[in-house]
Amino acid sequence: MNKKFFIFLITGMFVGELLSSCSKDDDEDSGAAGEIAGALVGDDIEANVMVEGKRLSSVGAYDYEYDSNGVLRYFSYRDWVGEVKGTTITWRNYNEGDDETYTMNVKNNHIVSLSMKSSYRKNSYYSENTTGSASFAYNSKGQLASITTNSSTIAENDGKSYKESSSGKVTFNYSSDHRLLNYKTSYKWNDGSYEKETFTCNYSNEPRVNMFYQYTPNMIHEIFSDMEALFYIGLFGKSSAYIPSSYLYEWIEGEDGDEEKHSGNRTSKVAFNSNGTIKNADGKNYYYTSVGTRVVVNGEVISDPLIETVGRIRLFPRSRWWKKRRSAFTY
166 MNKKFFIFLI
176 TGMFVGELLS
186 SCSKDDDEDS
196 GAAGEIAGAL
206 VGDDIEANVM
216 VEGKRLSSVG
226 AYDYEYDSNG
236 VLRYFSYRDW
246 VGEVKGTTIT
256 WRNYNEGDDE
266 TYTMNVKNNH
276 IVSLSMKSSY
286 RKNSYYSENT
296 TGSASFAYNS
306 KGQLASITTN
316 SSTIAENDGK
326 SYKESSSGKV
336 TFNYSSDHRL
346 LNYKTSYKWN
356 DGSYEKETFT
366 CNYSNEPRVN
376 MFYQYTPNMI
386 HEIFSDMEAL
396 FYIGLFGKSS
406 AYIPSSYLYE
416 WIEGEDGDEE
426 KHSGNRTSKV
436 AFNSNGTIKN
446 ADGKNYYYTS
456 VGTRVVVNGE
466 VISDPLIETV
476 GRIRLFPRSR
486 WWKKRRSAFT
496 Y
């Protein structure tokens with residue numbers, strides 16, 4: 166079912182401070198200073214000159230718009246809208262029965278921490294409220310090195326209350342030539358249940374050079390997709406120096422002394438433009454714009470494209486109580 170969705174236009178001079186320049190400060194958490202949001206910068210000086218002034222304008226259903234100085238003004242994805250104020254980004258979901266807001270802090274053009282509030286109501290009998298926080302660390306290359314999360318949930322069902330807390334950790338491992346080797350996730354709940362996942366990157370005999378360290382969909386989906394838009398424009402650092410040909414994913418679910426093990430794999434398809442930027446990857450097309458251009462139809466900025474909502478993997482997973490009864494609900 167399609168729903169109406171409006172694009173939240175970001176206003177104010179503060180945007181330039183956050184997304185158009187690098188901070189003079191540098192520390193372990195923010196790593197090497199990131200680039201202007203949406204810009205394309207790699208290790209080859211001549212290649213950088215060819216894409217100077219270019220910005221990523223869309224990836225699949227993710228849309229970005231920039232002002233005449235190349236500063237990001239808004240970003241959107243289906244039920245999600247983004248807003249920037251000072252050194253914070255607010256990324257909010259407007260959906261029937263599900264209101265979710267992330268507030269993120271930025272340093273060196275990298276998101277280094279966030280807080281989350283979520284309110285979910287299925288019907289008059291079931292509701293769920295969650296608060297959470299996360300921190301992000303980067304390596305000296307400016308690649309995402311680790312994520313730590315904590316969350317607390319209160320759920321009510323037919324007059325009965327349920328409380329839980331959870332914590333999580335994601336670690337990323339890279340080779341000496343900056344290619345992503347694997348990343349591992351670990352989540353545990355206060356009732357003793359847990360989930361552990363490992364995603365291993367495989368490369369073909371002829372590795373595909375990722376000239377501008379761009380993220381592809383299959384690199385992101387298994388981390389957390391509710392903020393996927395911010396990976397593509399570099400606010401979560403540089404991606405792998407090469408694009409994997411496939412991924413092997415393995416995960417373990419443990420509860421009440423029992424474990425379930427699962428595994429699977431996923432291939433990665435990618436095509437490049439002549440200047441080395443990604444043309445399409447894993448079923449999504451990439452489009453670019455020059456500084457100063459706008460997304461305009463009949464003289465007006467597009468503000469209410471039709472969208473379709475889908476449920477996907479989350480940074481803060483649903484409560485264990487909710488997951489046990491997920492067959493009764495629609496997510």
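With the sequence shown counted from 1, adding 165 to any position gets you this note's numbering. A virtual CB, placed ideally from N, CA and C, is assigned to each residue, including glycine.
List the DSSP bridge partners of residue 426.
Translated into positions along the sequence shown, residue 426 becomes position 261. Beta-bridge pairing links residue 426 to 417.
Is residue 280 near residue 292, with beta carbons less than 8 Å apart?
Here residue 280 is taken as the residue at index 115 of the sequence shown, counted from 1. Here residue 292 is taken as the residue at index 127 of the sequence shown, counted from 1. No, the Cβ-Cβ distance between residue 280 and residue 292 is not below 8 Å.
Going along the chain, which residues of its own chain have a beta-carbon closer than 6 Å to the beta-carbon of residue 284, five neighbours each way excluded?
On the sequence shown, position 119 is the one that residue 284 refers to. Answer for residue 284: 264, 294, listed in chain order.
Since residue 403 contacts residue 306 with CB under 8 Å, what's their CB separation in whole angstroms?
Residue 403 sits at position 238 when you count from the first residue of the sequence shown. Residue 306 sits at position 141 when you count from the first residue of the sequence shown. So it is a contact: roughly 6 Å between Cβ atoms.
Helix, strand or coil for residue 396? Go by DSSP, reduced to three states.
In the sequence shown, counting from the first residue as 1, residue 396 sits at position 231. Correct three-state label for residue 396: helix.
Residues in its own chain within less than 6 Å of residue 463 by CB, not counting five upstream and five downstream?
Taking the first residue of the sequence shown as position 1, residue 463 is located at position 298. Interpretation of residue 463 is limited by its pLDDT of 40, a score under 50 that renders its predicted location unreliable; no figure is taken from the coordinates.
Hey, how far is the Cα of residue 213 from the Cα of residue 289?
The residue you call residue 213 lines up with position 48 of the sequence shown. The residue you call residue 289 lines up with position 124 of the sequence shown. Distance between the alpha carbons of residue 213 and residue 289 is about 55 Å.
With DSSP collapsed to three states, give me the class of residue 212.
Walking along the sequence shown from the start, residue 212 turns up at place 47. Helix.
State yes or no: is the C-beta of residue 225 within less than 8 Å of the C-beta of residue 456?
Counted from its first residue, the sequence shown places residue 225 at position 60. Counted from its first residue, the sequence shown places residue 456 at position 291. No.
So, does the segment 401-418 touch the segment 308-326, judging by three or more C-beta pairs under 8 Å?
Taking 8 Å as the limit for Cβ pairs, the verdict is that the segment 308-326 does touch the segment 401-418.
With a CB to CB cut of under 7 Å and the five nearest residues on each side skipped, what residues in its chain are close to residue 208?
Residue mapping note: residue 208 aligns to position 43 of the sequence shown, counting from 1. Nothing meets the Cβ criterion.
For the beta strand (DSSP E) containing residue 384, name the first residue and the last one.
Walking along the sequence shown from the start, residue 384 turns up at place 219. No beta strand (DSSP E) contains residue 384, which is instead part of the alpha helix (DSSP H) from 382-385.
Take residue 378 and list the residues in its own chain whose beta-carbon comes closer than 7 Å to its own, dropping the five residues that flank it on each side.
One-based indexing of the sequence shown puts residue 378 at position 213. Excluding residues within five positions, the ones whose Cβ falls inside 7 Å are 207, 403, 404, 406.
Near residue 454, what residues of its chain come up, given a Cβ to Cβ distance below 6 Å and the 5 sequence neighbours on each side ignored?
Along the sequence shown, one-based indexing puts residue 454 at 289. Taken in chain order, the residues that qualify are 220, 222.
Rounded to whole angstroms, what's the CA-CA distance from residue 323 to residue 286? Just pull it up for me.
Within the sequence shown, the letter at position 158 stands for residue 323. Within the sequence shown, the letter at position 121 stands for residue 286. So the two alpha carbons sit approximately 12 Å from each other.
Can you pull the DSSP bridge partners for residue 238?
By 1-based counting over the sequence shown, the position of residue 238 is 73. In DSSP, residue 238 forms no bridge with anything.
If we define contact as Cβ-Cβ less than 8 Å, is residue 357 a contact residue for chain C?
Among the chains in the structure shown there is no chain C, since it carries only a single protein chain.
Roughly how many angstroms separate the alpha carbons of residue 433 and residue 367, rounded to a whole number?
Counting from one through the sequence shown, the residue named residue 433 turns up at place 268. Counting from one through the sequence shown, the residue named residue 367 turns up at place 202. Distance between the alpha carbons of residue 433 and residue 367 is about 10 Å.
Around the Cβ of residue 376, are there at least 16 other Cβ atoms within 10 angstroms (buried) or fewer (exposed)?
Numbered from 1 along the sequence shown, position 211 holds the residue referred to as residue 376. Answer is buried; the Cβ neighbour count reaches 16.
Can you check which of these residues, 425, 204, 445, 437, is closest to residue 358 by C-alpha distance?
Counting from one through the sequence shown, the residue named residue 358 turns up at place 193. Ranking 425, 204, 445, 437 by Cα distance to residue 358 puts 425 first.
Can you check which of these residues, 210, 345, 199, 234, is closest to residue 441 by C-alpha distance?
Your numbering for residue 441 matches position 276 in the sequence shown. For the residues 210, 345, 199, 234, the minimum Cα distance to residue 441 belongs to 210.
Look at the Cβ atom of residue 414, then the Cβ atom of residue 360, and state whether they are nearer than 8 Å.
The residue given as residue 414 occupies position 249 in the sequence shown. The residue given as residue 360 occupies position 195 in the sequence shown. The answer is no: Cβ separation not under 8 Å.
Helix, strand or coil, according to DSSP, for residue 263 in the structure here?
Taking the first residue of the sequence shown as 1, we reach residue 263 at position 98. The answer is strand: DSSP assigns residue 263 an E or B state.
Just grab the DSSP bridge partners of residue 335 for me.
By one-based count along the sequence shown, residue 335 stands at place 170. DSSP, once it has assigned bridges, lists 312, 350 as partnering residue 335.
Using C-beta distances below 6 Å, list every residue in its chain close to residue 259, excluding the 5 sequence neighbours before and after it, in chain order.
The residue you call residue 259 lines up with position 94 of the sequence shown. If we look at residue 259 and ignore the five residues flanking it on each side, its Cβ neighbours are 244.
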